[in-house]
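J.: Those letters in the sequence shown? Residues -37 to -1, 1 to 281, by mature numbering (1 follows the signal peptide of the UniProt record, and there is no 0).
Just so it is clear, CB atoms sit at the ideal spot from N, CA and C, and this is done for glycine as well.
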Amino acid sequence: MPPFSPKTRRAGRLSWPRRRAAAVLGAAALLATPACSEGVTASADQAEGRPTVLAAFYPLEWISVKAGGQDAAVTGLTQPGVEPHDLELTPRQIADIERADLIVYIKGVQPAVDEAVMEHAAGKAFDAASVVATVPSTAEQRSTGDGVSYDPHLWLDPSRLATVVAKLGERLAAIDRAHAAGYASRAGTAAGELNALDAEFRRTLAGCATRTLVTSHTAFGYLAERYNLRQVGISGLDPEAEPDPARLARVAATAREEGVTTIFTEELVSPKVAEVLAGEVGAKTAVLNPIESRPAQGDYLSAARANLSALRTALGCP
């Protein structure tokens, strides 16, 4: 089963093979009819001399804009407020993937994007997970049916994301050599911002009263590894997977033993299970943002700093 299989998603959705067939037929029909453009298309940007970059979801869109600046046309495939794992590509998006100069994605996050890249853009893809050391998924994560050998949420470690944006700058420079210096300069600036953020996290989380982090799903493995925290997830890598009673009992026992005061929820995932667990162990709930979607206000850096503030309170950091 592919990671985050659509079979585990909300009832009534088409399975991936049926969606793929529908998308292919739709794309054929789209290409066979006169174009009625909605905004700037990939081909239009190419005609203007700017490389077109499609970013799979928000953190990758953020670094693509940071590195690309005015020299690249960057478009995100996942709209704000949409859970990235649930993305279903439209026929237009599939056609755009085939035309684009570069696809920035992380293999294992979005099955629809993985499949489209493999079929239409294998030679034009930049997999962020291929340029950093990945954190292996745990046996418990794999046992819940998530199906991946590593945790794909690497953007939650600013130091790793700094490496990614630097490598992305190199990739853009290779595509558009006329603006190579600009890509290198902008990517270096973004990497510096991310390394400064990493230093803030290290200072703030160095002396916390507790180091156990209970989350609604195990999206925070990179954050935990980088800053010496212990992550305990109610569900595995799939945010919508239903935890079984035995897992809930283990999480509750750990929360009591470790004196956990906060159970973290997410904006794009129902908080009901976390709220019930918090009530059982005498804890409160707070939001910890996996930064998978564009924040309502601010950007990646401000969302990460909001997370740091929430962690400082929950973990009893000085």
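Where DSSP assigns a beta bridge to Ser148, which residues make up the other side?
T.: DSSP output for Ser148 lists no bridge partner at all.
J.: Looking at the unbroken beta strand (DSSP E) that takes in Ser179, where does it start and where does it end?
T.: For Ser179, the uninterrupted beta strand (DSSP E) segment begins and ends at 175 to 180.
J.: Could you tell me the distance, in whole angstroms, from the CA atom of Glu230 to the CA atom of Asn252?
T.: Straight-line Cα distance between these residues: approximately 7 Å.
J.: Asp139 by DSSP, collapsed to three states: which one?
T.: Asp139: coil per DSSP, three-state reduction.
J.: In three-state DSSP terms, what is Leu17?
T.: strand
J.: Whole angstroms are fine: how far does the CA of Leu17 sit from the CA of Ala92?
T.: 16 Å
J.: Would Asp207 be called buried (16 or more neighbouring beta carbons within 10 Å of its own) or exposed?
T.: exposed
J.: What does the alpha-carbon distance come out to for the pair Ala(-9) and Glu78?
T.: In this prediction, Ala(-9) scores a pLDDT of 37, lower than 50, which makes its location untrustworthy; no coordinate-derived value is stated.
J.: If you draw a straight line from the C-alpha of Glu61 to the C-alpha of Val37, how long is it?
T.: 15 Å
J.: Okay, do the stretch 158 to 168 and the stretch 49 to 65 touch, 3+ Cβ pairs below 8 Å being the bar?
T.: no
J.: So is Asn270 buried or exposed if we call it buried at 16+ other beta carbons inside 10 Å?
T.: buried
J.: Between Leu113 and the rest of its own chain, which residues show a CB-CB distance below 8 Å, the 5 nearest in sequence each way excluded?
T.: The sequence given here places Tyr at residue 113; Leu does not occur at that position. So the list reads Gly71, Ala92, Thr97, Val98, Pro99, Ser100, once near-sequence residues are dropped.
J.: Beta-carbon within less than 8 Å of Ala237's beta-carbon, same chain only, minus the 5 sequence neighbours each way: which residues are those?
T.: Ser179, Ile197, Ile226, Phe227, Thr228, Thr248
J.: How would you call Glu11, buried or exposed, if buried means at least 16 neighbouring beta carbons within 10 angstroms?
T.: exposed
J.: Does Arg257 pass the burial test, meaning 16 or more other C-beta atoms within 10 Å, or should it be called exposed?
T.: Buried is the call here.
J.: Taking all protein chains shown into account, decide if Ser272 is buried (16 or more other Cβ within 10 angstroms of its Cβ) or exposed.
T.: exposed
J.: Within 10 angstroms of the Cβ of Ala259, are there 16 or more other Cβ atoms? Answer buried if so, exposed if not.
T.: exposed
J.: Whole angstroms are fine: how far does the CA of Leu264 sit from the CA of Ala218?
T.: Taking the Cα positions, Ala218 is about 29 Å away from Leu264.
J.: Near Arg134, what residues of its chain come up, given a Cβ to Cβ distance below 7 Å and the 5 sequence neighbours on each side ignored?
T.: Leu65, Phe89
J.: Taking 8 Å as the cut-off, decide whether the C-beta atoms of Leu124 and Ile69 are in contact.
T.: no
J.: Return helix, strand or coil for Ser198, following the three-state DSSP convention.
T.: Of the three classes helix, strand and coil, the one that applies to Ser198 here is strand, per DSSP.
J.: In the DSSP assignment, what residue or residues form a beta bridge with Thr41?
T.: Its beta-bridge partners do not exist; DSSP assigns none.
J.: Nearest to Ser122 by alpha carbon, out of Ala215, Ala187, Leu157, His83?
T.: Leu157
J.: Per DSSP, what are the beta-bridge partners of Ile66 in this structure?
T.: Residue pairing for Ile66: DSSP places it in a beta bridge opposite Leu17, Ala88.
J.: Could you check if Ala267 is buried or exposed, using at least 16 other CB atoms within 10 Å of its CB as the buried criterion?
T.: buried
J.: Excluding five sequence neighbours on each side, which residues of the same chain lie with their C-beta closer than 8 Å to the C-beta of Thr167?
T.: So the qualifying residues of the chain are Leu271, Leu274, Arg275, Cys280.
J.: Please return the same chain residues whose Cβ sits closer than 7 Å to the Cβ of Leu240, not counting the five positions on each side in sequence.
T.: Ile197, Leu211, Val214, Ala215, Ile226
J.: Between which two residues does the alpha helix (DSSP H) containing Ala273 stretch?
T.: 263 to 278
J.: Please confirm if the stretch 138 to 152 is in contact with the stretch 171 to 190, defined as three or more CB-CB distances below 8 Å between the two stretches.
T.: no
J.: Buried or exposed, going by whether 16 or more other CB atoms sit within 10 Å of the CB of Gly242?
T.: Exposed: under 16 other Cβ atoms inside 10 Å.
J.: Assuming Ala249 is part of the beta strand (DSSP E), what are its boundary residues?
T.: Ala249 -> beta strand (DSSP E) spans 247 to 250.
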